[in-house]
Each structure stands twice: as structure tokens, then as C-alpha cells.
Amino acid sequence: LTSTVLRSASTLIAFPTVFSSSRVRYEVVSNYSHLFWVPGSDPSLEPYMLLAHIDVVPAFEADGWDAPPFSGREVDGFIYGRGTIDNKQSVMGILQALEFLLERGYAPRRGFYIGLGHDEEINGHFGAANIVKLLQSRGVSLAFVLDEGSAILDGVIHGLESPVAMIAVTEKGMASVKLSVTTLPGHSSMPPAETSIGILASAVTRLEKNPLPLLFGHGPERDMFEHLAHKFEFPLKFVMSNLWLFGPLLVRVMQRRPDSNALVRTTTAVTKFNAGVKINVMPPYAEAFVNLRIHPAQTVEEVLELIRLTVNDERVKIELDRGFDPLPVSSFDDKSFGYQIVKKTLLDMFPQISVAPGVCVGNTDSRHYNSLTKDIYRFTPTWFKFHGVNERISMRNYEEIVHFYFQLFQNCDTRKLPESHSAQHDL
Ligand SMILES: [Zn+2]
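Position 31, counted from 1, in the sequence shown is what the UniProt record's numbering calls 31; the numbers after and before it change by one each time, with no gaps.
Put into C-alpha cells, the structure is as follows:
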């Protein structure tokens, strides 16, 4: 059904060449996700894959949108709508760029896949996961995967003079941990010294008072600051250029702000607490959920062990509700094909920006692609502003995104990267 709707309705009108070209093989996966394969003329070049997702988080016009959140209305140079920067800009940008290229008779040398998932916002267990299964069954391996996850940050990093394109080379892991206490029931007129609520509340307090250890220098955030050192204003420039000396100082500053704190450690957030049945009955059971975002230098197992040590109370049962380890760190050195091609494409378009590796603190569909490639990058050239009520993208930025993918497809046709310090003979 979806296939019929998609082919016959707006998509076919918007991207007629993509859906009719003999160069493109298109299929629907799990009823709602879309997979495209454009074979290259040189099968010895390993294909790559671009990802985006078509689902969005909810939006309600009553929250005060200037234009209805599902209207896509253009007002004063901006396109308004839920998903305009998460992640319709990539969905449309990729298809638009492909449409332009096919219209011009473009035939790639290096083949590529495009995967558009339909359930990224709820973990991609149906869309991305099944696209990966399908590609695995076909024996596909990928040179690299490019998904959403980071952006061009302008004025977001304190003290940084120029905008920076942060290409996320890993993403944090996640653990949802359940803490529970069971005690004997009784009447509130003859209470024991501690109730299940009291025991659990102390455990939760200990977790909040003792954040997990700082891990700055054990993940790519250190490379990020070293890449950017010369772009900071004085005196930060001096601090960043001498991380061997100022690392501990920088960390102390970073952990004061929630956004930079998330880069230097596994974060702990107590998100649910349920207990008690009646105002005069001793609570027989109390439970709390803790949501942890795991720094790339730690694992789910290590984090669970640290929670046990911090809670340090055998009456509190600690169970892993669900979780996964941080993703491996993708390559970003001079020989890293995907990283360098994305970087070159960006610097050709925006000579004023700097490019640095980074960490994605949220999770994306791309984590499902781990078995198909060792290099996963999370980045779209969206100029980062905000993502809430009045989500919107400037028409100019949308055009830049189309242009970026248009250039990226063509840049990927190169066989190998230019040697460092030598002529760009193959690009
Ligand atoms: Zn997203």
C-alpha cells in the first residue's frame, strides 16, 4: 500500500526521475521504510550509504506555532514544520540531489544506497533494523554510512570564533536501569525505621550526588578540542592548545554546563519513581528508573557495576531494563575515506567553517548499521539553531543541503583520497 501511495502521490510528482530511472532500484521495507540502490559502473569500488528518517516527534499547533506544524508553509524565507531539521531536510535533500543528478544523465562510478527509515524516533527496530537484515542477507558491505546526528554549530560552543561542522564519529550508549525495594507490608501506625520509599530515595540521592567519573581524554572529545584549538578566542585558544596541561581545568568548566557535561562522562538521570498504595499503608514496594547515556569509553556492564557500588545497599535490587554499549569510534584520520570526502565537500562549500570529529549524545538509526561498515558518520549541514516549537529551516540552508548531497554523490566517485601534501590528482 505504502509503495503504491508513495509512487502515485506527491513523491512521484516531486521526484519523477528517481522513481522512473532504470539506474535506481527502489523497494519498500517493513511496509513504510524506503531503500534505494544505485549501482556504480565500477563494481570494485565499495558502495556507501546515506540515511535519513521520515518519521517525526509529535507537534501541536496549540503550542504556539507561527505556521501549522504540518503545513510546510514558507514564511519570510523559512520553511516551517515539524521535522524540517529532524530529519526531512535530509530526506528531501538527498532525493532532490539525486533527482537533479539523474536528470543530467549522471551515472555514478561508485554505487550507493539510500535508506529512509520510518521509526527512528522510537529506535528504528522495524525500519533501519530490517533494512540492515536485508542488506546483510545480500552480503552487502559499505565503505561508510552517513546519517543525521550532528550539524554546523554556530555560536553554540562557548568561545569558538568560527562555525564548526561537527562530524560525529561515535554516539553514546544507553542504559535504562530499574531500582526496586520490596519490604514487608504493615500499618503506618507502627512503622519500621525505614520504608521502601526511604531506602529507595536514599539510593537515588546517592546516585545524583555522585555522578559517574569524568572520562575526558578517553573519547573523541579530546580530538575535537585539539582540532579546534586555533579557532578559539584567547585565552581559551591557549587552554585548548595545551590540553596536556589544562585538561583537568577544562573538564571542571565543562561539567558545570549540562550540554558540555554530557561530553565528558556518562550522564545519570532519574526519570521515574513509583511507590505507595494508600496514605495509611506501609509501601510494600518502590521502584525507580534511571536513564544513563554512556560515554564512549564505558560499557553497559561497567556502568551497572558503578551503580551497584554507588547505591551500596543490598536491599535495593538493580536490574538492567534495556541498554546498549556506545558505538565504536569511526576513523577520522587522513586515510579515512568517508570522513575526508564529507570534510572536502563541506570545505568546498563553506570555506569559512572548521571541521572536527565529535560525539553524538543522542542515538540515531545508524547504530543498526554497525555490522555493515566500520565507519559511521552522523552529520547534516544544517546550521544549528533550535528544535522545538516553530521548528523551521531557512530556504537558503535547505538549498545548501541539496547542494551538499549533490556534490557528495559526485565526490564519492573518486577511487582514493588525494595523498596528503600532494596534488589532488584523483578528486
Ligand atoms: Zn532524527
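Glycine residues also receive a C-beta, built at the ideal position from the N, C-alpha and C atoms.
Within 7 Å of the C-beta of asparagine 87 there is at least one heavy atom belonging to ligand 1. Contact check for serine 330 and tyrosine 377: beta-carbon distance about 6 Å, within the 8 Å limit, so the pair qualifies. Membership of valine 303 in the alpha helix (DSSP H) is indicated by the continuous run 300-311.
Cβ neighbours of asparagine 397 within its own chain (closer than 6 Å, five residues either side excluded): Trp383. Set against 7 Å, the gap from the CB of histidine 53 to the closest heavy atom of ligand 1 is smaller. About 5 Å separates the CB atoms of leucine 215 and alanine 297; that is less than 8 Å, so the two are in contact. Closest by C-alpha distance to leucine 306, out of Ala203, Met282, Pro258, is Ala203. It is roughly 20 Å from the alpha-carbon of histidine 403 to the alpha-carbon of aspartate 154.
Separation of the CB atoms of glutamate 121 and glycine 149 is rounded to 13 Å, and the pair is thereby denied contact status at 8 Å. DSSP, read as helix, strand or coil, puts lysine 317 in strand. Per DSSP, glycine 105 lies in no beta strand (DSSP E) segment and is marked neither H nor E. In the three-state reduction of the DSSP assignment, alanine 203 falls in the helix class, which pools H, G and I. Scanning the region 326-369 for uninterrupted alpha helix (DSSP H) segments of 4 residues or longer gives 337-349, listed from N- to C-terminal end.
Proximity of the region 105-116 to the region 35-49 meets the contact definition, three or more beta-carbon pairs being nearer than 8 Å. Closest by C-alpha distance to lysine 374, out of Tyr48, Asn274, Phe232, Arg82, is Tyr48. Shown here for serine 141: same chain residues with a beta carbon closer than 8 Å to its own, the five before and five after excluded, namely Glu46, Leu372, Thr373 in chain order. A contact is defined here as three or more CB-CB pairs under 8 Å, and the region 352-367 meets this definition with respect to the region 154-168. For valine 18, the closest of Ala97, Phe78, Arg73 by C-alpha to C-alpha distance is Ala97.
Here arginine 392 is bridged, per DSSP, to Tyr80. Under DSSP, phenylalanine 406 takes part in no beta bridge, so it has no partner. Annotation: the continuous beta strand (DSSP E) that includes lysine 178 extends over 173-182. Ranking Glu103, Ala288, Ala67, Gly115 by CA distance to the CA of asparagine 87 puts Gly115 first. Using a Cβ distance threshold of 8 Å, threonine 345 and glutamine 255 do not count as a contacting pair. Judged by the Cβ position, glutamate 391 fails to qualify as a neighbour of ligand 1 at the 7 Å threshold, every heavy atom of the ligand being at least this far. For glutamate 226, the enclosing alpha helix (DSSP H) starts and ends at 221-228. Checking the 7 Å criterion, the Cβ of glutamate 171 is out of range of every heavy atom belonging to ligand 1. Excluding sequence positions up to five before and after proline 185, its CB lies within less than 8 Å of the CB of Val281, Met282, Pro284, all in the same chain and listed in chain order. The DSSP-derived three-state label of glutamate 121 is helix. Counting every other CB atom within 10 Å of its CB across the protein chains shown gives lysine 343 a total of 16 or more, marking it as buried.
Around the CB of glycine 77, fewer than 16 other CB atoms lie within 10 Å, so the residue is classed as exposed. For leucine 135, the enclosing alpha helix (DSSP H) stretches over residues 127-137.
Going by DSSP, valine 290 is part of no alpha helix (DSSP H) but of the beta strand (DSSP E) stretching over 285-294. One alpha carbon belongs to phenylalanine 70, the other to arginine 392, and they sit about 11 Å apart. Looking at Phe324, Leu417, Cys412, the one whose alpha-carbon comes closest to that of tyrosine 113 is Cys412. Taking a contact as a CB-CB distance under 8 Å, the pair leucine 212 and valine 316 does not count as one, their CB atoms being some 17 Å apart.
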